[in-house]
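Residue numbers (the working numbering): 1227 to 2024. Glycine is no exception: its CB is placed at the ideal position from the N, C-alpha and C atoms. Each remark here refers to the structure printed beneath this line.
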Amino acid sequence: MFKNYFKTAWRSLFRNKLTTFINVFGLGLSMSVGLMVMVIVQDALGYDRFHPHPGSTYRVLSDYTKRNGEHWAMASTPLPLADALQKDSSTVAAVTTVYPALGGVATANGKELYIDGVFVHPSFFSIFGFRFNEGNPVSALQQPNTIVMSKATALNFFGKTEVVGKTIKMANGVNYTITGVLETPPGKSHLDYAVYGSYSTVAQMEKDGLLAEKSAAWYAFNAAYTYILLKPGAKKAVLQSQLNAIAGVLNRGNRDGSCALGIQSLNKISPGQAYLGNDNARGTSWGKLYFSMGLGLLILLAACFNYTNLTIARGLTRAKEVGMRKISGARRYHVFLQYVWEAVLLSLLALLFAFVILSVILRYQPFNDSYEMIPASFRFSSRFFIVSLLYAIVAGTIAGIFPAWILSSFTPLRVLKNIGTARILGNVSLQRALIVFQYALSLVFIIFLFAFYKQFSFLSKSDPGFKREGVLIVPLNGLKEGVASQRVASVPGVKSVSAASMKFSARFGGMNDPIWLSDRDHAINLNYYYAGDRFLKDMKLAFIAGTNFPPAAGEDQEHYILLNRKAAVAYGFTDPGKAVGQKLWINDTTQLEVRGVLKDFNYENMGKPIFPLAIRSNPPANRYLYIQTAAADRKEIASKVQGALQVLDPGQPVTFSWLSEDLDAGNSQAATISLLGFLGFIALSVATLGLLGLVVYTVEIKRKEIGVRKVTGASNAQIVHVLSKSFVKLLLVAGLISMPVGWVLARLFMQNFVLRGSFGIGSVLLCFLFLLAAGLFTIVSQTLKAAAASPVKALRSE
């Protein structure tokens, strides 16, 4: 039976080549979006899957509510919590703190590199599945001032992994002995850092004033992260009851508010919750995944409706086939399965086309920029192929089940009668409703894409508040700033050289720490980065009060700090001049004097609000050279700068970028526009192909009518008008439905930006005219061809 189904389906597909092409092309485009979503979902769900005890490992969450009603749900917890749980709980097999206070500039083997790191307990490596390439995981972090490196970090500093026993010095002067090197993790993890330091180091650093004293600070809920491994057979409820008891003790001694502690399974950390504060989860959130899956489903349904439309429309030509099958003894379910099988076979052909599209996307990464939309690390697997095959079968079944139900339920005569009169939405025919839906969806995509493009084009042309043209940025990669600056300054075409610890981009690349004026309880978590006086002059950053750093600031000891206007206001100085001369505490032993207040500038994406910012001066922390150039030939001067720096470290490649291009990349969102354009192209293609198929079919069944009209004197223009007017009405209806929807979505999107470009009714009408032109071209190209045909061919048998 299935062999017969296959032959019949294959014969039908080849007999109707145009319809087959329309369906395979449309379904293939739509299914490629589904495959992209599957890649994104697979990557998002791949975090922390290699750890040995995912089902019994938990992260502790904290929830704090102040008396005035302010509320924070946080992934972080106080530092003392881990020790309290380890001592008192009968359910805990191991517990570790992950304290993100180790990052900064590090020096080893004559190189200076910026690294991100955490302090952890020795039990960290018994809870999580990071394997050692060198060293002993049991004893590696038992002693203070010991550190375990990732393999990539060891190679960056030493060029090899056999580095146990060597030392590394942080910018704060603390030396660490390397006691282990990790292997490259077999998968992604939200706990993948460059270095892991022994937690026993923290106490001494607090005594020396190098870290804020948080080891005993029970109310510092934003300090660190606590992870627990339960004993075999232990119940979560018992652990939760102990956390409740700890929270109860804290609440009794707290007049400011109340707290609660909870747990979150390791498997549920990434993808994360969008509303969780201080979340160290990586990857995307469930909200974005649901949106991606919904978008993929919507586009697939549009293509499935297209197939449904064409199959029902072509039911006329197969009425005799259905009748003969029923006369020969076939039951309704036989005919039903035949139509479904044809849809599944066509869907499998479309899947092959979709795989070709996906392979091209993965190969050339057109939708990736600073944010990786389509994971470049993805590799095809047997599991992915199996899931894709099931996806195609389900898509084919969805596409085929409705026409199969309709066309298998009636006698041939009734089928002929029912094709043009199947109704949904009152008196609107099925075919027309599907065309309206597809074009309305396409127009919404086009309007949103146009709004997206106009907004980010506006942002890329806006003034960020600092100099952006002619600035070449080169990472130091361990080179000494002074030596590198002297070498570059001698290059012809270089006007000036300065340095900073971060690179201007769409995302803030600096640091954030609590900094307070007089009362530590009222500290502000302030964004900051390091730069010198020359940097502020070269980048044309404007002062509204005070002055720049003195030329020698930060050479031996840090004394001064600069604030932007937002930061000055945050500390209570509405008059920026009154902030100058104030002393800010960085930690319990370090005070910095406010030297000046800067005019607010966009140090992140131009569309974001400007947040409080500080600039500190500490030359060893600088990681990038900012080179002011005068030469018109960018390529030539960049090559000369590369050559000058390559001499200092022949084994280290010298990379560079132009600040204006970096900002344009962050603000133009070219990759996102490409992705939206691709989705819009798919939606418009599916709608246009559906319209094309329906127009071709309408022309086919009206060939004799066209012939009679021509014989009776109708002109080509009149025939085109008669054939086209009903389809043009559909496009107008689609526009009336979707233009308000698209305009509202565009306005809602633009409300997310502080700086907004213009997007009015004229822009919406322009999008509609584009869609109307595409539809008219499709309609007129076929109706004009029919009108120009000889009437003799259509009427010769009459």
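Beta-carbon proximity check, residue i vs residue j, cutoff 7 Å
| i | j | result |
| --- | --- | --- |
| T1452 | L1307 | yes |
| V1990 | M1965 | yes |
| Q1664 | A1438 | no |
| P1412 | D1418 | no |
| S1984 | E1695 | no |
| T1323 | H1347 | yes |
| L1998 | L1957 | yes |
| R1558 | S1634 | yes |
| I1525 | V1318 | no |
| K1809 | A1768 | no |
| Y1850 | V1697 | no |
| Y1422 | V1374 | yes |
| A1796 | I1750 | yes |
| S1724 | D1764 | yes |
| V1867 | V1714 | yes |
| F1674 | C1993 | no |
According to DSSP, residues forming a beta bridge with residue i
| i | result |
| --- | --- |
| P1701 | Y1850 |
| W1884 | L1698 |
| T1855 | V1720 |
| A1725 | L1851 |
| R1842 | Y1756, I1787 |
| E1360 | V1407 |
| C1485 | Y1290 |
| N1398 | Answer is none; N1398 lacks a bridge partner. |
| Y1422 | V1344, V1374 |
Contacting residues, own chain, Cβ-Cβ under 6 Å from residue i (five flanking each side not counted)
| i | result |
| --- | --- |
| L1949 | T2009 |
| V2006 | none |
| F1531 | L1660 |
| M1728 | G1735, G1736, Y1755 |
| A1757 | A1726, I1841 |
| V1570 | I1619, G1622 |
| A1771 | P1802, G1803, V1806, V1823 |
| W1811 | W1742, Q1817 |
| A1529 | G1252, L1253, S1256, V1912 |
| R1293 | G1483 |
| G1986 | none |
| S1349 | A1320, T1322 |
| V1980 | P1835 |
| N1774 | D1759, L1762 |
| P1326 | V1344 |
Which of helix, strand or coil DSSP assigns to residue i
| i | result |
| --- | --- |
| R1508 | coil |
| K1706 | coil |
| S1634 | coil |
| N1177 | Any question about residue 1177 goes unanswered here, given that the chain covers just 1227 to 2024. |
| V2006 | helix |
| R1285 | strand |
| E1819 | strand |
| L1958 | helix |
| K1292 | strand |
| N1242 | coil |
| V1321 | strand |
| P1411 | coil |
| M1375 | strand |
| K1951 | helix |
| T1393 | strand |
| A2013 | helix |
| P1629 | helix |
| T1623 | helix |
| N1738 | strand |
| V1641 | A caution first: V1641 carries a pLDDT of 49, below 50, which makes its placement in the model too unreliable to give a value. |
| M1300 | strand |
| Q1490 | strand |
| F1769 | strand |
Cβ shell of residue i (< 7 Å), same chain only, five flanking positions each side left out
| i | result |
| --- | --- |
| S1484 | T1291, N1477 |
| A1710 | L1702, L1851, L1871, L1874 |
| N1504 | M1300, A1301, S1302, N1448 |
Cut-off 8 Å between Cβ atoms - residues of its own chain near residue i, not counting five sequence neighbours on either side
| i | result |
| --- | --- |
| V1209 | In this structure the chain extends from 1227 to 2024, so residue 1209 is not present and cannot be described. |
Touching by the beta-carbon criterion (3+ pairs, under 8 Å), the region 1275-1292 and the region 1491-1510: yes
The region 1462-1469 in contact with the region 1385-1402 per 3-pair CB rule at 8 Å: no
contact_flag[the region 1511-1527, the region 1299-1306] where n(CB pairs < 8 Å) is 3 or more: no
Three or more C-beta pairs below 8 Å linking the region 1363-1371 and the region 1875-1884: no
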